[in-house]
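No gaps in the numbering here: position 9 of the sequence shown is 9 in UniProt numbering, and each next residue is one more.
Ideal Cβ positions, reconstructed from N, Cα and C, are used throughout, including at glycine.
Bear in mind that the values here come from a model prediction, so they are computed numbers and not experimental data.
What follows is a single structure, written as structure tokens, with notes after it.
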Amino acid sequence: MSTRTARGCVIKAGEMEFRPLDGCRVATAVGPHLGARIVRLDVVEVPAGSVWRPSSSPREENVVVVFGGSGSAASGTARRPVGRADTVYAPTGDPYELSADAGDDLTAYVWNTELRPERAPGTDPRRFSRLWNEETQLKGFTGTGQAETSARTATMNFLFWPGTGSPQLCLHCGFMQPGEYFNVHVHPESEEAFIAFEGKGQLHLDGEWYDAAPGDVLFAPPGVPHGTRHPDEDPTAPRFATCGGPTPFDPVLYQRAGVPTDVR
């Protein structure tokens with residue numbers, strides 16, 4: 001059952017409401033209906049052999065995570081085959097497109113924001129990556145003091161972030177082995193929207209823990225505590241992975257990782 005409060009929500013994948021749009025199906029998981037003012041998170045289902053080609057504004061950024069199926073994706077004039085766990089970044093003003101293979105539906109989660117006037121696009125942004133890209137990571141995150149912390153900390157991959165040319169949106173992937181936490185924290189000026197991508201675990205929102213399965217979504221407004229954990233103590237249990245990020249990006253995460261916060 002989805003949980004919605006004035007201070008955020010956890011939305012179960014099976015309770016999202018889809019609508020037909022341009023030959024595809026779209027559900028807005030996070031948006032103005034939840035009080036989100038900075039970020040929107042849509043779930044897009046592209047039928048086999050079809051194309052999702054949304055319109056975009058000159059100040060719009062998009063990040064795509066392929067949740068299931070296979071096909072190809074375009075960002076601006078660049079195109080690449082994609083499958084589960086592949087990711088796409090469409091810089092400000094550049095269109096993106098998702099095409100599903102002839103024999104396979106494609107499902108994607110899409111983060112969208114309008115670039116704020118004081119922020120400038122990157123000079124040569126990365127357009128494609130994968131959730132399991134380990135080139136830049138945050139380890140040993142101790143949270144920001146809103147809840148008791150665990151020393152058994154998760155690892156977070158940075159996929160799209162200031163170091164890859166993203167001025168406002170970001171995409172991170174946190175993966176937890178049994179017993180590990182991404183400790184509770186807040187983003188003072190950012191809205192957080194992320195999904196459970198793989199395995200089963202729990203999501204923290206404003207003092208409570210909620211069971212989560214793949215496709216579930218968490219939304220936390222600025223200043224609301226949130227985090228994740230893998231509560232299973234069986235060392236053979238599958239890992240729990242989440243992906244998403246605060247919008248605008250929170251420089252604290254990169255400072256904790258010891259990497260620059262400047263947009264390249």
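What's the C-alpha gap between residue i and residue j?
i              : j                 : result
asparagine 133 : alanine 85        : 10 Å
glycine 49     : alanine 73        : 13 Å
glycine 7      : alanine 29        : In the sequence as displayed, the identity of residue 7 is arginine instead of glycine. So the two alpha carbons sit approximately 16 Å from each other.
valine 43      : phenylalanine 249 : 21 Å
residue 269    : threonine 236     : Only positions 1 to 264 of the chain appear in the structure, and residue 269 is not among them; the question remains open.
valine 186     : glycine 103       : 42 Å
leucine 159    : proline 20        : 30 Å
residue 265    : glycine 179       : Coverage of the chain is limited to positions 1 through 264, which leaves residue 265 absent and any answer about it impossible.
residue 329    : threonine 123     : Given that the chain is displayed from residue 1 to residue 264, the structure contains no residue 329 and the question cannot be resolved.
tryptophan 111 : valine 224        : 20 Å
serine 56      : valine 259        : 31 Å
valine 63      : alanine 147       : 30 Å
lysine 200     : aspartate 211     : 8 Å
glutamate 198  : phenylalanine 128 : 20 Å
alanine 154    : glycine 244       : 15 Å
leucine 169    : glutamine 177     : 27 Å
glutamate 233  : proline 81        : 37 Å
Can you tell which of the options has its C-alpha closest to the C-alpha of residue i?
i                 : options                        : result
tyrosine 96       : Pro121, Gly68, Pro125, Glu61   : Glu61
valine 26         : Ala147, Thr153, Asp232, Val51  : Val51
cysteine 173      : Asn183, Met156, Val186         : Met156
leucine 98        : Ala29, Pro54, Pro121, Asn112   : Pro54
cysteine 140      : Val217, Asn183, Arg59, Ala212  : Here residue 140 turns out to be glycine, not cysteine, going by the sequence shown. Of Val217, Asn183, Arg59, Ala212, the residue nearest in Cα terms is Asn183.
phenylalanine 175 : Pro231, Gly163, Pro81, Gly83   : Pro231
glutamate 192     : Leu205, Pro125, Glu198, Glu233 : Leu205
alanine 13        : Phe194, Val263, Val259         : Phe194
alanine 241       : Asp234, Arg264, Ala213         : Ala213
glycine 165       : Glu15, Gly31, Arg264           : Arg264
leucine 34        : Ala154, Val10, Gly163          : Val10
glycine 69        : Ala108, Leu41, Ala36           : Ala108
threonine 3       : Glu208, Glu233, Val252         : Glu208
Which residue comes first and which comes last in the alpha helix (DSSP H) that contains residue i?
i           : result
alanine 257 : 251–257
Between which two residues does the beta strand (DSSP E) containing residue i stretch?
i                 : result
asparagine 62     : 60–68
residue 270       : Nothing about residue 270 can be reported from this structure: the residues present for the chain run from 1 to 264 only.
valine 186        : Note, valine 186: premise wrong, no beta strand (DSSP E); not H, not E.
leucine 98        : 96–100
phenylalanine 158 : 155–160
serine 129        : 128–130
glycine 244       : 240–247
glutamine 202     : 201–205
residue 276       : Any question about residue 276 goes unanswered here, given that the chain covers just 1 to 264.
arginine 84       : Where arginine 84 is concerned, there is no enclosing beta strand (DSSP E), given that its DSSP letter is neither H nor E.
alanine 196       : 191–198
Since residue i and residue j are thought to touch, with beta carbons under 8 Å apart, how far apart are those beta carbons, to the nearest angstrom?
i            : j             : result
valine 88    : serine 75     : 5 Å
aspartate 46 : leucine 106   : Residue identity check: residue 46 is valine in the sequence provided, not aspartate. Valine 46 to leucine 106, Cβ: 4 Å. Contact.
arginine 152 : glutamate 114 : That belief does not hold up - the Cβ atoms of arginine 152 and glutamate 114 are roughly 38 Å apart, past 8 Å.
Go through its chain and collect everything with a Cβ distance to residue i's Cβ below 7 Å, but skip five positions before and after it.
i             : result
glutamate 17  : Ala27
proline 256   : One detail in the question is off: residue 256 reads as arginine in this sequence, not proline. These residues qualify, in order along the chain: Leu138, Phe141.
glycine 31    : Arg40
aspartate 101 : Ala48, Ser70, Gly71
Residues in its own chain within less than 6 Å of residue i by CB, not counting five upstream and five downstream?
i             : result
tyrosine 254  : Thr261
serine 150    : Tyr181
aspartate 216 : Lys12, Ala13, Ala196
Please work out which residues of its chain come closer than 8 Å, Cβ to Cβ, to residue i, disregarding the five sequence neighbours upstream and downstream, and give them in chain order.
i             : result
serine 190    : Ile38, Pro222, Pro246, Thr247, Pro248, Phe249, Asp250
threonine 92  : Pro58, Arg59, Glu60, Glu61, Leu115, Pro121, Pro167
histidine 226 : Gly8, Val184, His185, Val186, Glu192, Leu203, His204, Leu205, Asp206, Leu218, Ala220
Could one say the Cβ of residue i lies closer than 8 Å to chain C's Cβ atoms, at least one of them?
i        : result
serine 2 : Of the protein chains in the structure, only one exists, and it is not chain C.
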